[in-house]
Amino acid sequence: MIMSTVLAPSPHIRSSVTIETAMYGVIIALLPGAFVGAYYFGLNALKVIALSIIACLAFEAMVLKIRGKDMSPLKDGSAILTGLLLAMNLPSNIPWWMIVVGAVVAIGIGKHVYGGLGYNPFNPALVARVFLLISFPVAMTSWPVPKPLSFSLDTVTGATPLGDMKTSLLLEGNIGAAANMNLVDPLIGNLGGSLGEIGALALAIGGVYLIVKKIITWHIPISFLITVFGMTGIYWLIDPQKYAPPTFHLVTGGLMLGAFFMATDYVTSPITGKGMIIFGVGCGVITVFIRLFGGYPEGVSFAILLMNAVTPIIDRYTRPRVFGYPTRKEARA
Amino acid sequence: MTNRFKGGVHPDYSKDTSTQAIRGLQPAESLILSLSQHIGAPSRPEVSVGERVLKYQPIASPGGFVSMALHSPISGTVKAIEPAPHPSGRFVTAIIIEPDGLDETLDLTDKADPGLARGPQAWRETIRDSGIVGMGGAAFPTHVKMSPPEDKPIDMIVANGAECEPYLTADHRLMLESPDEILGGLFLAMEIVGAKKAVVAIEANKLDAAEVMRKADLPEGVSVEILPVVYPQGAEKQLIQALTGREVPTGGLPMDVGIVVQNVGTLAAMDQAVREGRPMVERVMTLGGPLPNGPGNYLVPIGTPLSHVVEQTGGLKGPAARLINGGPMMGQALAGLDSPVTKGTSGLLAFGPGELRQLRQRACFRCGSCVKVCPASLLPHTLGNLVEFQVFDQLREFNISDCIECGSCAYVCPADRNMVQFIRQGKAELLAMTGK
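Protein chains in written order, with my numbering: chain E, 1 to 333; chain U, 1001 to 1436.
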């Protein structure tokens, strides 16, 4: 019998989970949030999402070509995910060319200058979002007012609740009406903001799906959310005139999107459960400080990027105790 | 009380052959008795070419303390002592015996101790002289394991019937069909090292085997424990942790925590050696995977070419794309079927083209799956990256030598990284760099 056997190293069987499983799993989990964006911001939102994904794929292909790599990473879903995440972090009325600039920054500077997927220290979509926010602050903060099932491309712009609160604090010295709004609107997404961050409930459902499917663990999102809730709760108890209720902080801004979908990026977050909790708490603390005391109304993106930077250090100090070595208690004894 | 070891994976167990009773095979036309089928120094041939040998006759003696004796599984003539195919893929010196079909056996009466009158010291010698090695796969000489130094008292023997490797069912069948031999060997092991307790450890996917063992005549101090089904439950250190909560210290052996682990097949071989005087000349192995026409559990003389096992059982359904000596998690890929069954051959698995997932190795994207499943609590992704980027001097800091190469990390890796290969290479590089 003719045989052509393969002398591969063990193990010879592998689980069916691949990079694609994770990437497309996250994309599926983002769909409810994206749907809410499309519902309230109409065709504009769909256009931003489509252009962002196409641009990211195009630049991925271009950079792979320049680097002399084969084109297979195009299919791994990572560029699509970066495109979708970038779109969800943009206002739906952003000029088209800014999306293209964002895609260049995400794929080129966020990802490939470091060597591509797996080597990037910062979340590529967030690098692009922050780049755009700093470069084009007006376009990036002119939030369309939500209007269900609108196919008109003309939009009226307004502020986000977090932005309203910051303005009110500056002008009036109190948090104003926005911060005491009912919570139904932010839960279902009927408020101003980036097109993919508004539907807190839809995003949380997607996040729970990721945890149930074991694509992410609870450590980062839960520690992130609890930290934001706990810290803003303490300030609110101290002075409810100056600080909004913790429930308001939980469901507004980019917190749900950030906690479930951006902070949990494998490449740029710690690898052990303990490290993830430190990371999540760090994200929460920085977010709260920026929201309450910083110049920007929202701080989720900056918080995650800053924590991305300390991920290697967190990993270094949270290494698990190796089997057969004394526990810390035993070592002391 | 059973604990859980940390980590582990749940592969598809595919133990379809567990219902197949152990069967014998027609003898092969020639047997290849490799002088290196165990961990340790090669055995020393004690016969010469052309010499007639009887079944059970010693044909090679141990080449050192950590080595092993070898016996002829059949009566016949020594045809050659020459380099011959070996599961490692290399040619290794072997004694080639051509059977004469007479099946004349050496008289075993003065070797046998049916009434168990001779005592532990004599039994240990019998085990050494019978060429018994661990049959779970590692093939470590059993008498060495049964000779703990004075300062390491053993309080417990573990009969390892976990058989956590997918596809393999040889131990399962042995527990169903020969519980008394296993328990006989267990009693001997307890007597030899002076252990008062023993546990027969069986994974929960073999409850029928546990039932049979429980109903058998359990020696005093022996209990049967059912363990959760999780790979690598049968790895010595993980098994001990699951049964007792004790952790074998880094670089140490089970005897450092007062335990000796023996595979159930090894225990049965010890019983045969002591009571009947029969040396280890055959073993039960599983022929499995999707490709063989006659998958099952076979009692095969040591030295039988694997091709003979396959032909005798109806051949393969088509060309093989992967042949595995052992289980799919830790077994070794074979280039062909020329090599023989050795004392450590727990199974032969054959897969056709497309029956194993095509791998595409990519960069680690730090998903952390390997860290979650590593039973040694290592950071496999870091070890893999350090080897890939040739930062060998940091491997020790990340405890590479504590890796048991169980393959759980590679099994779950979504980037299809060959973690075990990286780690083996890393260990070899360290050895080359420092001699340790």
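Backbone N, C-alpha and C define an ideal beta-carbon position, used for all residues, glycine too.
- Query: According to DSSP, is U:Leu1348 helix, strand or coil?
  - Reply: Assignment of U:Leu1348 by DSSP, reduced to helix, strand and coil, places it in the strand class.
- Could you name the residues of the segment 1158 to 1189 of chain U whose beta carbon sits closer than 8 Å to any beta carbon of chain E, in the order they occur along the chain? Near chain E, meaning a CB-to-CB distance below 8 Å, the residues of the segment 1158 to 1189 of chain U are Pro1166.
- By the criterion of Cβ-Cβ separation under 8 Å, what are the contact partners of U:Tyr1411 in chain E? Those within 8 Å of U:Tyr1411 in chain E are Pro11, Ile13, Arg14, Ser15.
- Using only alpha-carbon positions, find the residue among U:Val1310, U:Ser1401, U:Val1229, U:Pro1340 that is nearest to U:Thr1093. Nearest C-alpha to U:Thr1093: U:Pro1340.
- Where E:Ile222 meets chain U, residues with beta-carbon distance less than 7 Å: Near E:Ile222 there are no residues of chain U at all, since even the closest Cβ is about 16 Å away, more than 7 Å.
- Query: In chain U, what lies closer than 7 Å to E:Arg319 by C-beta?
  - Reply: Around E:Arg319, the beta-carbon contacts reaching into chain U at under 7 Å are Leu1379.
- Query: From the DSSP output, which residues share a beta bridge with U:Val1437?
  - Reply: In the structure as shown, chain U begins at 1001 and stops at 1436. Residue 1437 of chain U is therefore absent and cannot be evaluated.
- Identity of the residue in U:Leu1337, U:Leu1378, U:Asp1151, U:Ile1404 nearest U:Pro1087 by Cα: Closest in alpha carbon position to U:Pro1087, among U:Leu1337, U:Leu1378, U:Asp1151, U:Ile1404, is U:Leu1337.
- Message: Using only the alpha-carbon positions, how far apart do E:Ala331 and U:Ser1401 sit?
- Response: Their Cα atoms are separated by approximately 20 Å.
- Report yes if the CB atom of E:Gly193 is closer than 8 Å to the CB atom of E:Trp143, and no otherwise. Yes.
- Query: Can the beta-carbon of E:Leu117 be found less than 8 Å from the beta-carbon of E:Asp76?
  - Reply: Contact flag set, yes.
- Message: Any contact between the segment 1169 to 1181 of chain U and the segment 1094 to 1112 of chain U? By contact I mean 3 or more CB pairs, one from each, below 8 Å.
- Response: Output reads no: the segment 1094 to 1112 of chain U does not touch the segment 1169 to 1181 of chain U.
- Item | Where the beta strand (DSSP E) containing U:Tyr1298 begins and where it ends | Note, U:Tyr1298: beta strand (DSSP E), 1296 to 1301.
- Work out the CA separation of E:Ile107 and U:Leu1287 for me, nearest whole Å. Going from the Cα of U:Leu1287 to the Cα of E:Ile107 covers about 50 Å.
- Under the rule that 16 or more other beta-carbon atoms within 10 Å means buried, what is U:Lys1317, buried or exposed? U:Lys1317 comes out exposed.
- Under 7 Å (Cβ pairs) to chain U, residues found in the segment 255 to 273 of chain E: Contact residues of the segment 255 to 273 of chain E toward chain U are Tyr266, Val267, Ile271, Thr272 (C-beta to C-beta distance below 7 Å).
- If contact means a Cβ-Cβ distance below 9 Å, which residues of the segment 1234 to 1255 of chain U contact chain E? Result list: Lys1237, Gln1238, Gln1241, Glu1247, Val1248, Pro1249, Thr1250, Gly1251, Gly1252.
- Task: Identify the contact partners of E:Ile19 in chain U, using a Cβ-Cβ distance below 7 Å as the criterion.
- Result: The contacting residues are Arg1362, Phe1365, Pro1414, Ala1415.
- Just mark U:Asn1160 as buried or exposed, buried being the case when its beta carbon has 16 or more other beta carbons within 10 Å. U:Asn1160 comes out buried.
- Neighbour flag for U:Gln1394 against chain E, beta carbons, 8 Å: Using a CB distance cut-off of 8 Å, U:Gln1394 does not count as an interface residue toward chain E.
- Per DSSP, what kind of secondary structure is U:Met1001 in: helix, strand or coil? Low confidence applies to U:Met1001: its pLDDT is 47, below 50, so where it sits in the model is not reliable, and the reading given next is rough at best. Assigned with DSSP and collapsed to three states, U:Met1001 falls in coil, not helix or strand.
- Item | Boundaries of the alpha helix (DSSP H) in which E:Leu305 is found, first to last residue | Counting along the chain, the unbroken alpha helix (DSSP H) around E:Leu305 starts and ends at 300 to 317.
- Interfacial residues, the segment 1077 to 1092 of chain U to chain E, with Cβ spacing under 8 Å: So the list reads Gly1089, given in the order they occur along the chain.
- Query: Counting only beta-carbon atoms, is U:Arg1278 nearer than 8 Å to chain E?
  - Reply: Output row for U:Arg1278: interface = no.
- Mind reading off the beta-carbon distance from U:Val1158 to U:Val1261? Whole number of angstroms is fine, and I expect it under 8 Å. About 4 Å; that satisfies the 8 Å criterion.
- Query: Counting only beta-carbon atoms, is E:Val118 nearer than 8 Å to chain U?
  - Reply: Per the sequence shown, residue 118 of chain E should be read as Gly rather than Val. Output row for E:Gly118: interface = yes.
- Item | Sequence-distant residues of its chain with Cβ nearer than 7 Å to U:Cys1164 (five each side left out) | Sequence-distant Cβ neighbours of U:Cys1164 in its own chain, meaning closer than 7 Å and more than five residues away, are Glu1203, Tyr1231, Pro1232, Gln1233, Gly1234.
- Item | Whole-angstrom distance between E:Phe323 and U:Arg1283, CA atom to CA atom | The alpha-carbon atoms of U:Arg1283 and E:Phe323 are separated by roughly 33 Å.
- Query: If you draw a straight line from the alpha carbon of E:Ser269 to that of E:Gly115, how long is it in whole angstroms?
  - Reply: When rounded, the distance between both Cα atoms is 17 Å.
- Item | Beta-carbon gap between U:Thr1313 and U:Gly1296 smaller than 8 Å | Contact: yes.
- Item | Straight-line gap, U:Tyr1056 to U:Leu1070 (C-alpha atoms, nearest Å) | In a straight line, the C-alpha of U:Tyr1056 is about 9 Å away from that of U:Leu1070.
- Task: Determine the DSSP secondary structure at E:Arg67, reduced to helix, strand or coil.
- Result: In the three-state reduction of the DSSP assignment, E:Arg67 falls in the coil class, being assigned neither a helical nor a strand state.
- Task: Going by CA-CA distance only, name the one from U:Thr1019, U:Ile1096, U:Ala1138 that's closest to U:Glu1405.
- Result: Closest by alpha carbon: U:Ala1138.
- Beta carbon of U:Pro1166 nearer than 8 Å to that of U:Tyr1013: Closer than 8 Å, so yes.
- For the ligand FAD, any of its heavy atoms closer than 7 Å to the Cβ of U:Asp1208? Here there are no bound small molecules, and the ligand FAD is not part of this structure.
- Cβ contact (3+ pairs, closer than 8 Å) linking the segment 1343 to 1353 of chain U and the segment 1129 to 1147 of chain U: With a cut-off of 8 Å, the segment 1129 to 1147 of chain U and the segment 1343 to 1353 of chain U count as touching, because enough Cβ pairs lie within range.
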